[in-house]
Every structure is written in C-alpha cells, then in structure tokens.
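Right, one structure below, let's go through it.
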Amino acid sequence: LGLISMSYGYIYVAQVSMGANQSQYLKAIQEAEAYPGPSLIIAYSPCVNHGIRKGMGASQTEEKLATEAGYWPIYRYNPLLLKEGKNPFTLDSKEPDWTKYQEFLNGEVRYTSLKKSFPEKAEEMFKRNEKEAKERWEQYKRLAALDYSKKD
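Using our numbering, you'd call the opening residue of the sequence shown number 1116 and step up by one each time.
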C-alpha cells in the first residue's frame, strides 16, 4: 500500500510502529498533519486476533520485535523534500536482525495455528514470507539510496 501510494509522487506516506520507535511515530504524524495534500500513515497495531503469546499487554514489545526482525520496516516519504533536491524517502529502520524473523512469527497464534494444522505447508509459507520480507527490505534500501541532488 505504501509503495503504491508513493508512486503517485504527491502523497505523504509513512509506515510506523509506535513500539519500535516513538520519535519516528510522532514525527510521521506531525509531518503528515503539516503536509499540504493527502497523507497516509500505515501503522502496525497488534490486535487480539493476532494472538500474541505474551498477551496484549506486550503489544508495544511485539511491535518493536516486528520492526527489528524486518517484518515491519518503518519509513517516511515526504514529497516536499523533492523541492529541496533531497530524497523524499527516509528509511527509519535499522538493518533487520533476520534471526528474529521466525521468532516473531512463532510469537503469534495466527501463525502457529497454521503450523499445527498444516506443518509442512506452514514451514514453506513462513520461509517464503521471510524471503519476501528480505526482498522488500532491499527495495526500501534502494529507494533510500537514490540521489535527488540537482547536478548541473
């Protein structure tokens, strides 16, 4: 959803996770509010249906793990930066710790219930999910590395 919205070029877009980075979360809200056009904030927000094994009281911790593991990278896309010759895309996540990815998936009943019902299929799907998360991460890194400075 975020990449599709960014492709229009005039929509402020942020992917946030309050548990992962409260400063980035607040900055995204402030920037979205100040932006003179449409804004989209996509927030990772665990709910009871995720089945967090540690309980909903640990939702902020779960949000942090989702970002650290690479499941939910956080970023901001501000089209106003283009006018300054700057890259409008800011990747706010650190390099993921991919060893935590399966730990994250196994911490939620919505994933482990699939594992109990269809172990072989679940294993295949979890590996594919992680592979696709790594591909998305690489795409975000490429976007963050683009040079928008004006060269004469």
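All C-beta atoms, glycine included, are put in the ideal place defined by N, C-alpha and C.
Would you mind sorting residue i into buried or exposed? The rule is 16 or more other CB atoms within 10 Å of its CB.
| i | result |
| --- | --- |
| Tyr1190 | buried |
| Met1171 | exposed |
| Ser1079 | The chain is shown from 1116 up to 1267; residue 1079 falls before or after that span and cannot be answered. |
| Glu1183 | buried |
| Ser1174 | buried |
With residue i and residue j assumed to form a contact (beta carbons below 8 Å), what rounded beta-carbon distance in angstroms separates them?
| i | j | result |
| --- | --- | --- |
| Leu1206 | Lys1256 | 7 Å |
| Phe1219 | Tyr1186 | 5 Å |
| Pro1188 | Ser1160 | The pair is not a contact, with the Cβ atoms about 16 Å apart (cut-off 8 Å). |
In its own chain, which residues sit with a C-beta less than 7 Å from the C-beta of residue i, not counting the 5 before and 5 after it?
| i | result |
| --- | --- |
| Gly1166 | Glu1223, Val1224, Arg1225 |
| Ala1147 | Tyr1127, Ala1129, Ser1154, Ile1156 |
| Tyr1125 | Gly1152, Pro1194 |
Cutting at 6 Å between CB atoms, please list the residues of its own chain near residue i, excluding the five before and the five after it.
| i | result |
| --- | --- |
| Ala1158 | Val1131 |
| Lys1229 | For clarity, residue 1229 is Leu in the given sequence; the question names Lys instead. Hits under 6 Å: Ala1237. |
| Leu1180 | Phe1219 |
| Leu1258 | Phe1204 |
Please list, in chain order, all residues of the same chain as residue i whose beta carbon is under 8 Å from its beta carbon, the five residues on each side excluded.
| i | result |
| --- | --- |
| Leu1196 | Asn1202, Pro1203, Tyr1263 |
| Lys1169 | Thr1176, Glu1177, Gly1222 |
| Gln1254 | Leu1118 |
Can we count residue i as close to the ligand COA, meaning its CB is less than 7 Å from some heavy atom?
| i | result |
| --- | --- |
| Gly1117 | Of the ligands one can find in the structure shown there are none, so the ligand COA has no counterpart to examine. |
In chain order, which beta strand (DSSP E) runs of at least 3 residues are fully inside the stretch 1136-1179? 1154-1158
Unbroken beta strand (DSSP E) runs of length 3 or more, entirely within the stretch 1179-1233: which are they? 1190-1192, 1204-1206
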